[in-house]
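Data block below; observations after.
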Amino acid sequence: MVLRAVLMNLRFAILRCVLVGLAGLLAGCANNPPISTGFAPPAQANEVDPDPSKKTLASKVLSAIALERVTGRKPDPARLTELN
1145 MVLRAVLMNL RFAILRCVLV GLAGLLAGCA NNPPISTGFA PPAQANEVDP DPSKKTLASK
1205 VLSAIALERV TGRKPDPARL TELN
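Rendered as structure tokens:
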């Protein structure tokens, strides 16, 4: 009967040590960066954005449409091909 109590206490002590050890390992990994899944590397922008002061053709067309709706005047097609 005494032996049974000692073995039971020993089992709970071992279980407690294992649980504390696992909790310590998991808490130690919380500060590490996430592990990649291996499907694709993180995306990085390599291209430099075009000069924001230059208007694209799409921007010019949208500006012409907006001007036409506001003023009622037809846009000049020559202005769409001008370099800015």
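Quick note on numbering: the sequence shown equals residues 1145 to 1228 in this note's numbering.
Ideal placement from N, C-alpha and C gives every residue a C-beta, glycine not left out.
So, with DSSP's three-state summary, where would you put residue i?
i     : result
P1219 : coil
F1183 : coil
S1197 : coil
M1145 : coil
E1212 : helix
If you draw a straight line from the C-alpha of residue i to the C-alpha of residue j, how long is it?
i     : j     : result
I1209 : T1215 : 10 Å
E1226 : L1201 : 9 Å
L1163 : A1157 : 10 Å
R1148 : R1160 : 18 Å
With distances taken between CB atoms, is the gap from residue i to residue j smaller than 8 Å?
i     : j     : result
K1204 : L1224 : yes
L1206 : P1219 : no
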